[in-house]
Amino acid sequence: MPPSETTQRVAVLAEPTSRRLGVAFGATLLRDLNRVRRRRGEVLNPLVFYALAVSLFPIGISPEAELLAVMAPGLLWVTALLATLLSLDGLFRSDFDDGSLEQMMLSPQPLAALSIAKVAAHWLVTGLPLALMAPLLGIMLALPFHSMGVLMASLALGSASLSLIGGIGAALTVGLPRGGVLLSLLVLPLYIPVLIFGTGAVQAAIQGDAVLPHLAMLGALLAAALIFAPWAIAASLRISING
Amino acid sequence: MWGLIHKLGSPKWFYYRSAALQPWCWGVATVLLLVGSVWGLVFAPADYQQGNSFRIIYVHVPAAFLAQSVFVAMAVSGLVFMVWKIKLADMAAAAMAPLGAAMTFVALFSGAVWGVPTWGTWWIWDARLTSMLILLFLYLGVIALRGAFSRRDSGARAASVLAMVGVINIPIIKYSVDWWYTLHQPASFTLTSRPAMPMEMWLPLLIMVVGFYGFFIALTLTRTRSEILRREANTRWVKALLEEVN
Chain A
1 MPPSETTQRV AVLAEPTSRR LGVAFGATLL RDLNRVRRRR GEVLNPLVFY
51 ALAVSLFPIG ISPEAELLAV MAPGLLWVTA LLATLLSLDG LFRSDFDDGS
101 LEQMMLSPQP LAALSIAKVA AHWLVTGLPL ALMAPLLGIM LALPFHSMGV
151 LMASLALGSA SLSLIGGIGA ALTVGLPRGG VLLSLLVLPL YIPVLIFGTG
201 AVQAAIQGDA VLPHLAMLGA LLAAALIFAP WAIAASLRIS ING
Chain S
1 MWGLIHKLGS PKWFYYRSAA LQPWCWGVAT VLLLVGSVWG LVFAPADYQQ
51 GNSFRIIYVH VPAAFLAQSV FVAMAVSGLV FMVWKIKLAD MAAAAMAPLG
101 AAMTFVALFS GAVWGVPTWG TWWIWDARLT SMLILLFLYL GVIALRGAFS
151 RRDSGARAAS VLAMVGVINI PIIKYSVDWW YTLHQPASFT LTSRPAMPME
201 MWLPLLIMVV GFYGFFIALT LTRTRSEILR REANTRWVKA LLEEVN
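Chains as they are written, first to last, in the UniProt record's numbering: chain A, 1 to 243; chain S, 1 to 246.
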């Protein structure tokens, strides 16, 4: 006799808590990735914005290679930061609109853990592609070739912190009808440390200085964000859902 | 102990108790600010390098002190509100936020005015100036977030969370901006390496700093009291109070 749905559910409940949490985490992550796979435009838009916004600077300031090379680390980082910011509004929006967030809140797993899964999915489809795409734009900005690796590493590491910190802002504003501009006002000041060490790493690589201290600071920021952000995101989501 | 905290958390109890305190706070603050201003602006000796322009310090430094303390006070109030659900803490936080933002602006503006005679420029991307500017944006974010919610309670809790996130970030921002500044350019002028101040300059500054804090306490008290009346407008005791006045 096949096990009924009730016995299956009991079996799930009888599993150790850590494993159940792992299953819920994985399911949330896969669900978000699947959703992105079905609507590819949402992944491409921040990348297109990144390329477009970066190409505005040579047009607006100067096409001279020497000048661009000086500004390239900052331009690539600031634009990546803005591209992340644009994608943040969608982080919880659709789940808020269709009620999935309420289901997550009601589930026995802590909301903080499930929100890290969502943030991880956001990083995989936004931060990581931005980091992979950056060298292409770096070449167009005459960024020295030997600093490309550091550019990618700093963006990959830093954008994870950007997703986590941005998640707090997204969670705070998800219940508001026009939260987009407010979101940027909340999140951008908190992004400044990441920006400083991210551009610092690339500049150090260009000048041949030690890169590791900057990357280590980015890692430290990520560790701190991993500790604090999930709780802030979960608390903010509760406020947004109940409000 | 808990009884006192519960009493303190009651808006009605606080409203009646603070009525006696309020004039004292305003009185002390006014006297200190008057004495400090007159002493600092008239009687303190002029600086041998900066002349009279150094007197901006008597507004600039107290405002900068307050700008940072108010944010911490706001975050602590937010924590108290979130943990113990004491509404009074949130009323105080709401009352403080605009004052903190205003003080940050005053510190930045007076610094810019001071920069012209001493540095020869309105603005430089000095580490301190930059982190104060970021602090101003943090304040504006907290105020804007509170205003964006249609339900007051949600806005209050959201602002509390953001204030706490901000207060964790302020030291991180401060140190990273310091690092960034030392990386980019050597400090051509630092506020810290100034020669020690003589007593007749330093005492009025101390009085001004205490006076600014007194002003902050008095204004927060008054604003919290009016916030209590606004939020409790439908309760029996506020209605009775209004009838008494009329």
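Glycine included, every Cβ here is placed at the ideal spot set by N, Cα and C.
Quiz prompt | Between the CA atoms of S:ALA73 and S:VAL209 - distance to the nearest angstrom | solution = 17 Å
Legend entry - Burial state of A:ALA225, where buried means 16 or more other Cβ atoms lie within 10 Å: buried
message: Within 7 Å of any Cβ in chain A, is that where the Cβ of S:ILE134 sits?
response: yes
Strictly by DSSP, which residues pair up with S:GLY51?
S:ASP47
Thinking C-beta only, is A:THR79 closer than 7 Å to A:VAL43?
A distance of 7 Å or more separates the beta carbons of A:VAL43 and A:THR79.
Contact between the segment 160-175 of chain A and the segment 133-140 of chain A (3+ Cβ pairs under 8 Å) = No, the segment 160-175 of chain A is not in contact with the segment 133-140 of chain A.
Quiz item: Quick one: does A:ALA113 have its CB under 7 Å from some CB of chain S?
Solution: no
| Does S:ALA158 have its Cβ less than 7 Å from a Cβ in chain A? | yes
Check your understanding: Leaving out the 5 sequence neighbours to the left and right, which residues in its chain are closer than 7 Å to S:HIS60 when beta-carbon positions are compared?
Key -> ALA107, SER110, GLY111, TRP114
Short of 7 Å in beta carbon distance, which residues of its chain neighbour S:GLY214, apart from the five on each side in sequence? Order them along the chain.
Leaving aside the five residues that flank S:GLY214 on each side, the residues in its chain whose CB is nearer than 7 Å to its CB run, in chain order, CYS25, VAL28, ALA29, LEU32.
task: Can you grab the Cα-Cα spacing for the pair S:GLY100 / A:ARG39, in whole Å?
output: 44 Å
In this structure, does DSSP put A:GLN109 in helix, strand or coil? coil
| task | Decide if the segment 135-148 of chain S is in contact with the segment 193-206 of chain A; the criterion is three or more beta carbon pairs, one per stretch, under 8 Å apart. | result | Counting Cβ pairs under 8 Å, fewer than three are found: no touch.
### Task
Would you please verify whether the beta carbon of S:ILE173 is less than 7 Å from any beta carbon of chain A?
yes
Environment of A:PRO230 [buried if 16+ CB atoms lie within 10 Å]
A buried status is given to A:PRO230, since no fewer than 16 other beta-carbon atoms sit within 10 Å of its beta-carbon.
What residues in the segment 85-111 of chain S have a beta carbon less than 7 Å from any beta carbon of chain A? Cβ contacts with chain A come from no residue of the segment 85-111 of chain S.
7 Å Cβ cutoff, A:PRO193 in contact with chain S
yes
Legend entry - Inter-stretch contact at 8 Å, needing at least 3 Cβ pairs: the segment 187-197 of chain A / the segment 8-22 of chain S: no
### Nearest neighbour of S:THR222, chosen from S:ARG17, S:GLN22, S:PHE14 [CA to CA]
Measuring from the Cα of S:THR222, the nearest candidate turns out to be S:GLN22.
- Ordered list of alpha helix (DSSP H) runs contained in the segment 26-104 of chain A, each at least 4 residues: 41-60, 65-88, 90-97
Which residue's Cα is closest to the Cα of A:ALA235: S:LEU162, S:LYS239, S:ILE173?
S:LEU162
Item to complete: Closer than 7 Å by C-beta to S:VAL245: which residues in its own chain qualify, once you throw out the five before and the five after it? Chain order, please.
Response: Answer for S:VAL245: no residue qualifies.
Helix, strand or coil: which one does DSSP assign to S:ALA101?
-> helix
Closer than 8 Å is the cut-off here; do at least three beta carbon pairs connect the segment 164-182 of chain S with the segment 83-91 of chain S? no
Specify, as a first and last residue, the run of the alpha helix (DSSP H) that A:VAL125 falls within. Element bounds for A:VAL125: n/a, residue is neither H nor E.
Quiz item: Any C-beta of chain A sitting closer than 7 Å to the C-beta of S:VAL165?
Solution: With respect to chain A, the C-beta atom of S:VAL165 has a partner C-beta closer than 7 Å.
Inset, instruction - Compute the Euclidean distance between the alpha carbons of S:PRO45 and S:ALA63, then round it to the nearest angstrom. - result: 22 Å
So S:ARG157 and A:ILE239 are supposed to be a Cβ contact under 8 Å. How far apart are they, rounded?
5 Å
(message) Which residue wins for smallest C-alpha separation from S:LEU205, given the options S:GLY40, S:ALA20, S:PHE14?
(response) S:GLY40
The segment 113-141 of chain S: which residues have C-beta closer than 7 Å to a C-beta of chain C, in chain order? You won't find chain C in this structure, because its protein chains are A and S.
Query raised in the report: Listing by chain order, which chain S residues have their CB less than 9 Å from the CB of A:SER154?
Result: In chain order: nothing, as chain S lies at least about 14 Å away.
| message | Tell me which residue opens and which closes the alpha helix (DSSP H) that S:ALA20 is part of. | response | 11-38
**Proximal residues of chain S, C-beta to C-beta of A:PRO243 below 9 Å** = Strictly speaking, residue 243 of chain A in this sequence is Gly, with Pro absent from that position. Those are PHE149, SER150, ARG151, ASP153, SER154, GLY155, ARG157, ALA158, listed as they occur along chain S.
Taking only the alpha-carbon atoms, compute the straight-line gap between S:PHE189 and S:TRP202 and give it to the nearest angstrom. Unreliable positioning characterises S:PHE189 in this predicted model, as indicated by a pLDDT of 45, which lies under 50. A coordinate reading is not provided.
**Sub-7 Å separation of A:ALA134 and A:LEU76 beta-carbons** = yes
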